[in-house]
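S.K.:
Here is the structure:
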């Protein structure tokens, strides 16, 4: 029973993130920057922990990856909505960068549904780094210090989206994590080898 509860901990953290973000948005509607920032920070912390614990506890599952991705999507959308409510001038100024990142974000999802029948859940290294970079870049951005880290995070987000589109094109049959485009190439070659042996 203890082992089962441990293996479910990553999914519980992802589910907690899904519950936290509507609460964070309500804090933004109530014009509470403090509570919004606290709840967003806790949500981002669960994002850092769930994947780490899943690997540590050997509890990685297809359901867990999908739940984590759904929580990520909700965090992104409601987080941006909260920022737009509480820091409208910053959002207006950074709108081209935000729109560029969101366009790539939704392009990956749309392409995944069209080609794969579901949203890709590759959890690439670039995607993981860009999520962390985006979260950290909010400190200087919302603090009014510098937008440059946020711009760099958006460039990384776009680069990660391009990589995920390429992976979906290269290994459309694969389900699960693909850390990099190079790993996708290895999967493609291995798959071609299996098909060659089968036909031979």
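Residue numbers (my numbering): 69 to 268. C-beta atoms are modelled at their ideal positions from N, C-alpha and C, and glycine is treated no differently.
1) Residues in its own chain within less than 8 Å of residue 220 by CB, not counting five upstream and five downstream?
2) Considering only residues of the stretch 180 to 227, which uninterrupted alpha helix (DSSP H) runs meet the minimum length of 4 residues and lie entirely inside it, listed in chain order?
3) Please classify residue 71: is it buried, with 16 or more other beta-carbons within 10 angstroms of its beta-carbon, or exposed?
4) Measuring alpha carbon to alpha carbon, tell me which residue in 172, 207 and 213 is nearest residue 222.
5) Cα separation between residue 84 and residue 93?
6) Going by DSSP in three states, residue 71 sits in which element: helix, strand or coil?
7) Residue ranges of each beta strand (DSSP E) run of no fewer than 3 residues wholly in the stretch 77 to 140, ordered along the chain?
8) Counting C-beta neighbours from all protein chains within 10 Å, is the total for residue 146 16 or more, i.e. buried, or is it exposed?
9) Identify, in the order they occur along the chain, each residue of the same chain with its Cβ nearer than 6 Å to the Cβ of residue 69, setting aside the five sequence neighbours on each side.
10) Buried or exposed for residue 114, please, with buried defined as at least 16 other CB atoms from any protein chain shown within 10 angstroms of its CB.
11) Look at the Cβ atom of residue 186, then the Cβ atom of residue 245, and state whether they are nearer than 8 Å.
12) Taking residue 258 and residue 235 to be in contact with their CB atoms under 8 Å, please state how far apart those CB atoms are, rounded to whole angstroms.
13) Below 8 Å on the Cβ atoms is my guess for residue 88 versus residue 111; work out the distance and round it to an integer in Å.
14) Applying the 10 Å Cβ sphere with the 16-neighbour rule, what's the burial state of residue 140?
15) Rounding to the nearest angstrom, what Cα-Cα distance links residue 123 and residue 239 in this structure?
16) Please list, in chain order, all residues of the same chain as residue 233 whose beta carbon is under 8 Å from its beta carbon, the five residues on each side excluded.
17) By a C-beta neighbour count over all protein chains shown, 10 Å radius and 16 as the cutoff for buried, is residue 118 buried or exposed?
18) Going by the beta-carbon positions, is the gap between residue 121 and residue 78 smaller than 8 Å?
19) What span of residues does the alpha helix (DSSP H) with residue 243 cover, start to end?
M.R.: Inspection of the coordinates gives the following:
1) By the criterion of a C-beta distance shorter than 8 Å, residue 220 is surrounded in its chain by 201 and 205, once the five residues flanking it on both sides are discounted.
2) Complete alpha helix (DSSP H) runs here, min 4: 193 to 210.
3) Per-residue confidence for residue 71 stands at a pLDDT of 47, beneath the threshold of 50, marking its modelled position as unreliable; the derived number appears in the next sentence. Exposed, by the Cβ-count rule.
4) 172
5) 15 Å
6) Note that residue 71 scores a pLDDT of 47, beneath 50, so its modelled location is shaky; the value from the coordinates is reported in the next line. Helix.
7) none
8) buried
9) Residue placement at residue 69 is flagged as unreliable, the pLDDT there being 45, under the threshold of 50; the coordinate-derived value follows with that caveat. Answer for residue 69: no residue qualifies.
10) buried
11) no
12) That belief does not hold up - the Cβ atoms of residue 258 and residue 235 are roughly 15 Å apart, past 8 Å.
13) Cβ-Cβ separation between residue 88 and residue 111: approximately 4 Å, consistent with a contact (criterion under 8 Å).
14) buried
15) Put simply, the backbone Cα of residue 123 is about 23 Å away from that of residue 239.
16) 175, 176 and 179
17) Only buried fits residue 118, as 16 or more other CB atoms lie within 10 angstroms of its CB.
18) yes
19) Element bounds for residue 243: n/a, residue is neither H nor E.
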